[in-house]
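As structure tokens, the structure follows; a few thoughts come after it.
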Amino acid sequence: MSSPAFSELVGRLTEAFGQQLDAVRPIPEGFLLKTTDDFLYAFLEDPAQVSLSAVQGLLREVVDRPSRLVVFSSGRLPLALTAELIRQGATVVDGPRFRELVTGLNLGGYIGEEPRAVPPRTAARQLPSARQLDEVINRARTWLDWGVPALALRFFRQAIELKPEFAPARNGVARSFLALGLVPDAQRLFREVLTTSPDNLEARLGLAAAAGALGKPGEEIAIYEKLIEEDPDRMEVHAHLVAALVEGGHWSEVTPELEVMLRKTPEDARLRFLHGAALGKTGHETAGKLERDRARGLGLEFETERALSQHLGLPEPERPSGTEPARPASASRGSPTPPARRPPSTPARRKARKTRTARVAPTPRRSRRRHRKAK
């Protein structure tokens, strides 16, 4: 039986998410909430009381759609249980991330924390509804950036309720679906945005990403090429195109795209390294080595170079003489400044990467020389 405080917290969170509930069911570990959009939310009060059989029971509730299961816990779930949920594709929000969510919604008192102070507004918008929309959108984008699209989805939908035709919120819902692996739903929503805003860049990029996720890299690349033909200065589109070409192994076409980008940002060490890799892949070994050396001169760190080399299938780089692998700071050396918090690696983020890298190779397509001449 859940405590009264936890029961009230679940109710307040449900209200804050703007959930439309289809059913609520108590379970020995907490509560199950099923929403009208077919998501299942499990709120577990005491992670120490959660067993493997309980986790398997949750997964049976969403047999063919595990990405629609979201598990919340105020404490850390046992590693083996978290691993099983992640392996199946569910979202887990536990421990510090759960506390971040609760405190961010000013509900920290329910978990023994002080409510978060609201920062002073330096340039308040005129309408309270506009301020509320900004807050909800920022919250949604934060959770999407942190790799928890199931939560981002809730807040993007709240934004749509506040302003139904707000394209950033509608695109956010579609991007959340895409990150959850619900690609057909994402495609439908991106197309809906384009019916009212045919030139919306985010929706067009979203359709390209959806095509790639469905194993249609030729269609994905064609969308990027069309966008570049319309505006050659869209560097973010060039970056998406480079990523798609690299995954398809089209190295001869990667090189000119990187050269376009390097003309804008010639001191970008990562782009320099990637350009060197592309030159090496196309038979220009000497020029490629010079570019990689130049990238190191621009500040490319060894660990970054090693990660890029592994991703691109290049030989392991040699560690520069006189350097050693980074070691964690000793606890006996006073009180070192803690490192900046990074967005956590989450099941949804890892699943999105896995989906993208598992695409089939594209079919041969026509040369892009016409596009380059046009520029």
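Sequential numbering from 997 applies to the sequence shown in our numbering.
Note that the Cβ used here is the ideal one computed from N, Cα and C, for glycine as well.
None of the values given here were measured: they were computed from a predicted structure.
- Residue pairing for R1021: DSSP places it in a beta bridge opposite L1028.
- Within the same chain, A1076, L1077, E1080 come within 8 Å of L1048 by CB-CB distance, once the 5 residues on both sides are set aside.
- P1043 and G1071 have their C-alpha atoms roughly 6 Å apart.
- Assigned with DSSP and collapsed to three states, T1282 falls in helix.
- Using a C-beta cut-off of 8 Å, the stretch 1185-1199 makes contact with the stretch 1153-1170, since at least three inter-stretch Cβ pairs fall below that distance.
- Listed in chain order, the non-local C-beta contacts of G1276 below 7 Å within the same chain comprise G1284, local neighbours out to five positions each way being set aside.
- Around the beta-carbon of T1282, fewer than 16 other beta-carbon atoms lie within 10 Å, marking it exposed.
- Residue pairing by DSSP puts D1090 in a beta bridge opposite S1069.
- CA-to-CA, the gap between R1288 and A1239 works out to about 18 Å.
- When the beta-carbon positions are compared, A1206 and A1182 come within less than 8 Å of each other.
- The beta carbons of G1143 and G1085 sit no closer together than 8 Å.
- Taken atom to atom, the span from the alpha-carbon of G1295 to that of L1237 is near 25 Å.
- F1039 is bridged by DSSP to F1027, F1068.
- Non-local C-beta neighbours of L1258 in its own chain, meaning closer than 6 Å and more than five positions away in sequence, comprise L1267, ordered along the chain.
- Between the alpha carbons of D1195 and G1108 lies a gap of roughly 48 Å.
- Using a Cβ distance threshold of 8 Å, V1179 and F1151 do not count as a contacting pair.
- Across the structure, E1301 and G1014 are spaced so that their CA atoms are roughly 44 Å apart.
- I1219: member of the alpha helix (DSSP H) spanning 1213-1226, first to last residue.
- The residues V1189, S1193, N1196, in chain order, have a CB closer than 7 Å to that of A1163 in the same chain once the five nearest residues on each side in sequence are set aside.
- For W1142, no alpha helix (DSSP H) segment is defined, and its DSSP state is neither H nor E.
- Under the three-state reduction of DSSP, F1162 is assigned to coil, being neither helix nor strand.
- By the CB criterion at 8 Å, F1068 and L1103 fall outside the cutoff.
- A distance below 7 Å between beta-carbons, with the five flanking residues on each side excluded, links A1273 to the following residues of its chain, in chain order: G1284, L1308, L1310.
- Spanning the alpha carbons of E1232 and F1269 requires a straight line of approximately 18 Å.
- In this structure L1065 is in contact with L1055, their Cβ atoms being roughly 7 Å apart against a cut-off of 8 Å.
- Rounded to the nearest angstrom, the gap between the Cα atoms of I1082 and V1088 is 7 Å.
- For V1242, the uninterrupted alpha helix (DSSP H) segment begins and ends at 1231-1244.
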